[in-house]
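In the working numbering, the protein residues as written are -4 to 371.
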């Protein structure tokens, strides 16, 4: 089977790119199409294949300023031509990848991480008062109707939509008027399940980990821990770094910046719990934490409701510092009933092989194929 993979952009290696890596393993000879590609930003399984980019690739400085060109993304993906004799187009989309034009007669399956979140329900999280400068907000308001219309109409060329969670399937139904099956994304469990379950939480700190994007709501954790006399360690960086790290913070809040992937398992294992503050489409970090045998304190909305259970974590009902602080105080009593083996068992439900088997089944169903042997 000859497959054309499509991904929004290849600049950083985060959750969406980990899904792409699993797809590249499933279809090792697939070609890859993307808006822009910063060479060396991806692991070899992604880098070592034919990668075709859009006209945006030729804009000077695009790899650090690509967000400024959002209004051009629909035109760029539509102009990106898939050339070759393909059996399937498989897009991995959280922005515009699903809008690529498949060659006539070639089925298109789109694995959707989210509708264009910054133009729908999370618009204010990105462009609301205090989030960005007034001219940027005005420009976003001006292009919002166009991008919403395009986001919806571009699904007309997709034959089958697969969502990464029930939460996102609901958004697809609400925003696009389409139905979607659900295949949870893969978690690279092996790195984390190698950690011993015994002795977890000995570092005494709570851990927040992620990109400093507006909707991730790191500000909720920082403000909550101003009122708590317990350590908070923060891993990551991103577009909100200057705003979130400026000004005085209590000494028990520690910023670690980006850390090597090799250091993450130990950071998870030594934490008392992972703090998960966003309303996330799915959320990989809670499963990574649980794979090391650690619990999660999560905002009780979105994908976390599908990955964290009452045995493996606590939920706080409102996305506010006071609600999170109350959950952290409640954690002291809850912690005595927590069993690390329950957390690891929950994470193991989301393995890479299960993801690949489920995607292969979706592809086979779309193409009308039947298999007598396992797909992976």
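We put the CB at the ideal spot given by N, CA and C, even for glycine.
- Counting C-beta atoms within 10 angstroms of its own C-beta, residue 0 has 16 or more neighbours from the protein chains shown and is therefore classed as buried.
- Straight-line spacing of the CA atoms in residue 216 and residue 70 works out to 38 Å.
- Residue 87 is bridged by DSSP to 2, 106.
- By the Cβ test, the stretch 182 to 194 is in contact with the stretch 342 to 362, since at least three Cβ pairs between them sit closer than 8 Å.
- Judged by DSSP secondary structure, residue 347 falls outside any beta strand (DSSP E) and instead within the alpha helix (DSSP H) spanning 347 to 362.
- For residue 155, the number of other beta carbons within 10 angstroms of its own is at least 16, and it is reported as buried.
- Cβ atoms of residue 139 and residue 114 come within 8 Å of each other, at about 5 Å.
- Per DSSP, the unbroken alpha helix (DSSP H) holding residue 280 starts and ends at 280 to 286.
- Under the criterion of beta carbons closer than 8 Å, residue 106 and residue 157 qualify as touching, at roughly 5 Å.
- Annotation: residue 350 to residue 242 spans about 43 Å, alpha carbon to alpha carbon.
- The beta carbons of residue 184 and residue 269 sit no closer together than 9 Å.
- Residue 213: member of the alpha helix (DSSP H) spanning 213 to 221, first to last residue.
- DSSP places residue 227 in the strand class (E or B) of the three-state scheme.
- Collapsing the DSSP output to three states places residue 309 in a strand.
- Judged by DSSP secondary structure, residue 13 falls within the alpha helix (DSSP H) whose first and last residues are 10 to 21.
- The DSSP-derived three-state label of residue 171 is helix.
- The three-state reading of DSSP puts residue 156 in strand, counting E and B together.
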